[in-house]
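So the structure is just underneath, and the comments pick up after that.
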Amino acid sequence: MNFAPVEKNRRASPTSRRRYEKLIAFAVAALLATSFPVYGQNADPNVPSLLLGAAWYPEQWPESRWEADLQLMEDAHLHVVRVGEFAWSTLEPSQGHYNLDWLARAIRLAEKHHIAVVIGTPTDAPPAWLTSAHPETLRVDADGHRAEHGGRRQFNYASPEYRVFCVAIVAQLARRFGHDPDVIGWQIGNEYTDESFDTGTRRLFHEWLQRKYKTLDSLNSAWTTAYWSQTYDRWDEIPLPTAGGNPGLLLDHKRFVSDTWRSFQRAQIDAIRKYAEPRQFITTNIGGLGWSDNWDHYEITRDLDIASWDDYVGEGSLNVARNGAMHDFARGWKRQNFWVMETQPGSVNWAPINTTLDRGETSAMAWQAVGHGADAVLYWQWRDALNGQEQYHGALVGPDGTPLPIYSEIRDIGGDFELAAAALKGTKPMAQVAIVVTYDSRWAIDFQPHNKNYDQLGILLDYYRPLRDAGYTVDIIGADAPLDGYKLVLAPDLNVISKDLATHLLAYVQQGGHLLLGPRSGMKDEHNALNVERQPGPLVAPLGGRVEQYYALDGIVPVAGALGTGTVTQWAEQLSTSAPDAEVMFRYGKSNGWLDNQPAMISRPVGRGRISYLGAVLNPDLMRQVISWAATDAGVQAEFGQVANGVEVCRRVGGSHTVYVFINHGHTQAHVALPSGLHDVLHGGESAKAIDLAAQGVAVFTTGTYESKAR
Ligand code: GAL
169 MNFAPVEKNR
179 RASPTSRRRY
189 EKLIAFAVAA
199 LLATSFPVYG
209 QNADPNVPSL
219 LLGAAWYPEQ
229 WPESRWEADL
239 QLMEDAHLHV
249 VRVGEFAWST
259 LEPSQGHYNL
269 DWLARAIRLA
279 EKHHIAVVIG
289 TPTDAPPAWL
299 TSAHPETLRV
309 DADGHRAEHG
319 GRRQFNYASP
329 EYRVFCVAIV
339 AQLARRFGHD
349 PDVIGWQIGN
359 EYTDESFDTG
369 TRRLFHEWLQ
379 RKYKTLDSLN
389 SAWTTAYWSQ
399 TYDRWDEIPL
409 PTAGGNPGLL
419 LDHKRFVSDT
429 WRSFQRAQID
439 AIRKYAEPRQ
449 FITTNIGGLG
459 WSDNWDHYEI
469 TRDLDIASWD
479 DYVGEGSLNV
489 ARNGAMHDFA
499 RGWKRQNFWV
509 METQPGSVNW
519 APINTTLDRG
529 ETSAMAWQAV
539 GHGADAVLYW
549 QWRDALNGQE
559 QYHGALVGPD
569 GTPLPIYSEI
579 RDIGGDFELA
589 AAALKGTKPM
599 AQVAIVVTYD
609 SRWAIDFQPH
619 NKNYDQLGIL
629 LDYYRPLRDA
639 GYTVDIIGAD
649 APLDGYKLVL
659 APDLNVISKD
669 LATHLLAYVQ
679 QGGHLLLGPR
689 SGMKDEHNAL
699 NVERQPGPLV
709 APLGGRVEQY
719 YALDGIVPVA
729 GALGTGTVTQ
739 WAEQLSTSAP
749 DAEVMFRYGK
759 SNGWLDNQPA
769 MISRPVGRGR
779 ISYLGAVLNP
789 DLMRQVISWA
799 ATDAGVQAEF
809 GQVANGVEVC
819 RRVGGSHTVY
829 VFINHGHTQA
839 HVALPSGLHD
849 VLHGGESAKA
859 IDLAAQGVAV
869 FTTGTYESKA
879 R
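The sequence shown begins at 169 in this note's numbering and counts up by one.
Structure follows, in structure tokens:
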């Protein structure tokens, strides 16, 4: 891959050229000795460390047009395109007849314009010749209807026949492009979405259960099948559940779905790796606005080199906390930096009202991604196809091939990305606080919410927002991740706590960590059966207290204690203490009689650390007090500190320098005072005592120095 030197390729205005020269003068020392790989183990040293790009579908356009598109991309400082993920009918027009030459030509032209390529495998949209000759490769929905051609995602993820076709086309692509210098990575499929309920998949589910439980006795016992006469005498009696099934069965089905997507993906990883150079990464783009739960994101990303997700707002404007949390969640899947493989250039076509982001908001959103650990941001899409289902979607250029208004905003982002790439190289967000989530817990609650208003993401954000407002970096990670680096660990809804997970959490506490469990924690074991210790299951003894009863609320319950007064909605747990050193932090006020004056939160020192249990969904202001108390108790140190309302501060730490990204998400100018020793990355490394950020304005500052030519 031959990337043009930054100097030649960056925004061409004379002012910015002067700024760039100043930047070179300012950035002196080489700080390459960093332990943070940018693209997992397969980092390609030639690829810029911060990339802006777009999804490009050359197969939809005459070849004579490609050069003009690529020139416009280069002018906008786009350095990566994702191609191919829906191009199966063009790549393999009939079974076994491959036509990859056009893609090779498109890649060569991209290279000429200093644009790297990620190839998407086309398996999300099988061609008509395939599904008409092999209808068994089409998925069957929960109501028994087989999908038809004409859309996408119509394939059966579990079908062995379908996988043979997938592996064949993927192997062809990998053999041809696995050594291509301009191809930097692979995306498998596209936003894995729907499972299948056909008889073949049901058989595979039975085999999966048999491998897991070995005997029907152990399955019957784990799922308590004596209940409602569910006892199974043969594996093939077990249903493929849709809704309302046995909780143990439902949870195992979700795990089966995750494993089946993982093996679907594995087949393609193996086909690619057989030919591809290790420097080419493999990922998949995770959809569903990040928080989707059809399958376990930790499991799926385990086999990938980098995680990537598709960051869309849809209707309205950017929800800063939610979107920031989703970036942190995506970073937590592999506990490393990630890519935003798709984001909206202004607007989408699938929201109830497809409003456009305000001027500047697209830039704020791109920088928020970077601040939270994205090393690439790609717009979906470069240009709308003339026909097809997404004609109304936002794009960078119009049907006539000339730039749409959003193009210039994205070009400015690209110019600034080029300026910031050297400073950001080898940096990543580093947190003292983690929020832990597990899919088991999420699913277990969603199968039986008990209160239709129970909002797991909303509750997570109630824990998250005060931390971000106080300027802390937050990791959102799986509960089984190593926890020793964190001072504070929050578990808002950790419903499923097995003995192993309890041991892991307790070891963290014993060694000095503060664990704050939220409502519904520890109610279930790994089979989604009720824990006999009551809540929080195996952690009842160390907590020195437990949940005596839970109450779904349809109104408000008052609560008061040392940290303030407030209200509880959605869920209230009546706690008790059994250990003399377990302290009651809050009590409920007068409500249903059962809760009156009962503990709502307890806390106990354990080993060198502390466990706290908050059994209520508190109003945001009181939650802020709880988080502030927990952070102080845990010794969480200030990072940048609080800034003006509406301004987000993100911190990325490198070997010996730290980069701060300031984003004003507000609608008015904001003033941010800076500590001494910070240099303005986008303005020639000048130092400043303060900055005034316009609405949607962004500033990037760094401490110390870095290698200016690093990319
Ligand atoms: C994504 C999908 C893209 C495109 C986009 C439109 O979910 O991966 O192919 O459809 O939505 O917003």
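Glycine included, each C-beta is placed from N, C-alpha and C at the ideal position. In this text, all values refer to a predicted model and were calculated from it rather than measured experimentally.
If you check the CB distance, glycine 713 and proline 767 come in under 9 Å. Short of 7 Å from the beta carbon of tryptophan 501, and not among the five residues preceding or following it, lie these beta carbons of its own chain, in chain order: His465, Tyr466, Thr469 and Ala475.
Look at tyrosine 756 here: in three-state DSSP terms it is strand. When secondary structure is reduced to three states using DSSP, threonine 836 falls in the coil class, being assigned neither helix nor strand. Boundaries of the beta strand (DSSP E) around serine 780: 777-782. Between ligand 1 and aspartate 478, a heavy atom-to-CB distance of less than 8 Å is present. Here tryptophan 739 carries a strand assignment [DSSP, helix/strand/coil]. Per DSSP, reduced to three states, the secondary structure at tryptophan 550 is coil, with no helix or strand assignment.
Comparing alpha carbon positions, the residue from Leu472, Asn522, Gln512 and Leu240 closest to arginine 503 is Leu472. Proximity to arginine 579 across Ala222, Val215 and Lys380 peaks at Ala222, based on C-alpha coordinates. Glutamine 355: member of the beta strand (DSSP E) spanning 351-355, first to last residue.
Secondary structure at histidine 265: strand, using DSSP grouped into helix, strand and coil.
Residue side-chain check: glutamate 359 places its Cβ nearer than 8 Å to a non-hydrogen atom of ligand 1. Pairing leucine 656 with arginine 633, the inter-Cα distance amounts to about 15 Å.
For ligand 1, a non-hydrogen atom lies closer than 8 Å to the CB of tryptophan 548. From the listed residues Val868, Val840 and Gln837, the smallest Cα separation to glycine 852 is found for Val868. Relative to the non-hydrogen atoms of ligand 1, the Cβ of asparagine 517 comes within a distance shorter than 8 Å of at least one. Secondary-structure assignment with DSSP links glycine 713 through a beta bridge to Thr745. In this structure, the beta-carbon distance from tyrosine 381 to alanine 394 does not fall below 9 Å. DSSP, read as helix, strand or coil, puts glutamate 359 in coil.
Taking C-alpha positions only, histidine 281 is separated from threonine 735 by approximately 59 Å. For glycine 455, the distance from the CB to the nearest heavy atom of ligand 1 is below 8 Å. The Cβ atoms of threonine 305 and glutamate 329 lie closer than 9 Å to each other.
Between the C-alpha atoms of alanine 296 and threonine 369 there is a straight-line separation of about 22 Å.
At a cut-off of 8 Å, the beta-carbon of histidine 825 does not count as near ligand 1: no heavy atom of the ligand is closer than that. In this structure, the straight-line span from the alpha carbon of valine 815 to that of glycine 541 is close to 18 Å. If the five residues before and after arginine 755 are omitted, its C-beta is found closer than 8 Å to the C-beta atoms of Val727, Ala728, Gly729, Asn765, Gln766, Pro767 and Ala768, all from its own chain and listed in chain order. Taking one beta carbon from each stretch, the region 847-861 and the region 507-522 have fewer than 3 pairs nearer than 8 Å; the two do not touch.
As summarised for the region 562-590, there are no continuous beta strand (DSSP E) elements at least 3 residues long confined to that stretch. Nearest Cα to serine 780 within the set Pro415, Glu807, Leu707 and Ala310: Leu707.
Leucine 674 and threonine 451 have their C-alpha atoms spaced approximately 34 Å apart. Here lysine 593 is buried, its C-beta having at least 16 other C-beta atoms within 10 Å. For phenylalanine 869, no alpha helix (DSSP H) run applies; the uninterrupted beta strand (DSSP E) run containing it begins and ends at 866-871, by DSSP. Shown here for glutamate 558: same chain residues with a beta carbon closer than 7 Å to its own, the five before and five after excluded, namely Asn517 and Asp552 in chain order.
Residue state for lysine 667 is assigned as helix, using DSSP reduced to three classes. Put simply, the backbone Cα of valine 425 is about 9 Å away from that of alanine 326.
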